[in-house]
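With the working numbering as the guide, the letters of the sequence shown map in order to residues 67 to 295.
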Amino acid sequence: MFELGNSLREARVRQDLDFAQVELATKIRAKYLRALEDEAFEILPSETYVKGFLRSYAEFLGLDGQLYVDEYNSRYGTERLVGEAPRRARVHQDRGLERKVVLIALAGIAALTALVIAAWKYGGSDSSNGVPPAVKTPAAHPTVRELRLRGVGHGTYVEVHRGSQSGALVLAATIGRGDVQRIAGSRFWLYIRRSGGLDVSLGSRKVSLPVRKNLRVLVTPTRTALTNG
Numbered sequence: 067m068f069e070l071g072n073s074l075r076e077a078r079v080r081q082d083l084d085f086a087q088v089e090l091a092t093k094i095r096a097k098y099l100r101a102l103e104d105e106a107f108e109i110l111p112s113e114t115y116v117k118g119f120l121r122s123y124a125e126f127l128g129l130d131g132q133l134y135v136d137e138y139n140s141r142y143g144t145e146r147l148v149g150e151a152p153r154r155a156r157v158h159q160d161r162g163l164e165r166k167v168v169l170i171a172l173a174g175i176a177a178l179t180a181l182v183i184a185a186w187k188y189g190g191s192d193s194s195n196g197v198p199p200a201v202k203t204p205a206a207h208p209t210v211r212e213l214r215l216r217g218v219g220h221g222t223y224v225e226v227h228r229g230s231q232s233g234a235l236v237l238a239a240t241i242g243r244g245d246v247q248r249i250a251g252s253r254f255w256l257y258i259r260r261s262g263g264l265d266v267s268l269g270s271r272k273v274s275l276p277v278r279k280n281l282r283v284l285v286t287p288t289r290t291a292l293t294n295g
């Protein structure tokens, strides 16, 4: 039996070598070389590294590398293996736990995705019978009617009352050729001095007027009636 670390150190010192020179030659980091000489084998990553570095370091110093490996096995091998076994078991346990966590996370994501799809697909429907809600059609705006008077030929003088002859006077003017007057509403009483000088329409309906002078007429969306007033 001999001291592994002391014998390595003595061989290195005899050859006047420092750790930097040995590291350059063996490619073994200086901190591991120092650990071998101090027999601080727990610093090295695993027993495989210990044996490999021992062999390489000893042979670099001109020593019997296998002899150093055998001596290490007889003194430390069993102890190192016992110490490493629980660590490997813990590594396997940690990996198993990580896998479980990943599986649980994936299951949660899948469930959340399914809920989002279901909410998107059925969220707007009536849950009592599964019938989608009726689409509401915007109410149509009521048609805005207006009386349109356009002068033709020589034009004519016109009076317009709202609703009836006794209604409010909304226009009293001569409408010349090409002139246009527009009055909002749907029921009017008109006095037209020359009916041939005027085109009349109410909304989209063109009003037909008899050709005569001093025409008095009631115009509504559904009819045109002569009056005596």
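We put the beta carbon where it would ideally sit given N, CA and C, even for glycine.
All figures in this text were calculated on a predicted structure; none of them were measured in a lab.
Cα-Cα separation, residue i to residue j
{"i": "Asp104", "j": "Gly71", "result": "5 Å"}
{"i": "Ser193", "j": "Val167", "result": "Interpretation of Ser193 is limited by its pLDDT of 46, a score under 50 that renders its predicted location unreliable; no figure is taken from the coordinates."}
{"i": "Gln81", "j": "Glu108", "result": "27 Å"}
{"i": "Ile241", "j": "Ile249", "result": "14 Å"}
{"i": "Leu129", "j": "Ser112", "result": "23 Å"}
{"i": "Leu133", "j": "Arg161", "result": "38 Å"}
{"i": "Leu163", "j": "Leu181", "result": "27 Å"}
{"i": "Leu275", "j": "Ile258", "result": "10 Å"}
{"i": "Gly251", "j": "Val266", "result": "14 Å"}
{"i": "Thr288", "j": "Arg253", "result": "10 Å"}
{"i": "Gln87", "j": "Phe68", "result": "25 Å"}
{"i": "Leu110", "j": "Ile183", "result": "54 Å"}
{"i": "Leu90", "j": "Lys117", "result": "19 Å"}
{"i": "Leu281", "j": "Arg243", "result": "19 Å"}
{"i": "Val135", "j": "Arg165", "result": "38 Å"}
{"i": "Asn139", "j": "Gly131", "result": "13 Å"}
{"i": "Gln231", "j": "Val285", "result": "11 Å"}
{"i": "Val79", "j": "Ala106", "result": "19 Å"}
{"i": "Ala296", "j": "Val224", "result": "Since the first and last residues shown for the chain are 67 and 295, residue 296 lies out of range."}
{"i": "Trp186", "j": "Ala173", "result": "20 Å"}
{"i": "Arg278", "j": "Gly229", "result": "22 Å"}
{"i": "Glu137", "j": "Ala171", "result": "50 Å"}
{"i": "Tyr115", "j": "Ala96", "result": "14 Å"}
Residue j beta carbon less than 8 Å from that of residue i
{"i": "Phe85", "j": "Arg75", "result": "no"}
{"i": "Val283", "j": "Leu256", "result": "yes"}
{"i": "Leu102", "j": "Phe119", "result": "yes"}
{"i": "His227", "j": "Gly263", "result": "no"}
{"i": "Leu215", "j": "Val246", "result": "yes"}
{"i": "Ile94", "j": "Ser73", "result": "no"}
{"i": "Thr290", "j": "Arg260", "result": "no"}
According to DSSP, residues forming a beta bridge with residue i
{"i": "Gly217", "result": "Leu264"}
{"i": "Val273", "result": "Val266"}
{"i": "Tyr257", "result": "Glu225, Arg282"}
{"i": "Glu164", "result": "None; Glu164 has no bridge partner."}
{"i": "Glu212", "result": "Ala250"}
{"i": "Thr290", "result": "Val285"}
Any non-hydrogen atom of the ligand PLP within 7 Å of residue i CB
{"i": "Arg282", "result": "Looking at this structure, you won't find the ligand PLP or any other ligand, since it has none at all."}
Would you call the stretch 260 to 272 and the stretch 230 to 237 touching, i.e. three or more CB-CB distances under 8 Å?
no
Within the stretch 223 to 248, note down every full beta strand (DSSP E) run reaching 3 residues or more, in order along the chain.
Listed in chain order, the complete beta strand (DSSP E) runs (minimum 3 residues) inside the stretch 223 to 248 are 235 to 241.
If we count Cβ pairs, one from each stretch, closer than 8 Å, do we get three or more for the stretch 211 to 228 versus the stretch 170 to 179?
Short answer: they don't touch.
Continuous alpha helix (DSSP H) assignments of at least 4 residues falling wholly in the stretch 85 to 121:
Fully contained in the stretch 85 to 121 are the following alpha helix (DSSP H) runs of length 4 or more, in chain order: 85 to 92, 96 to 104.
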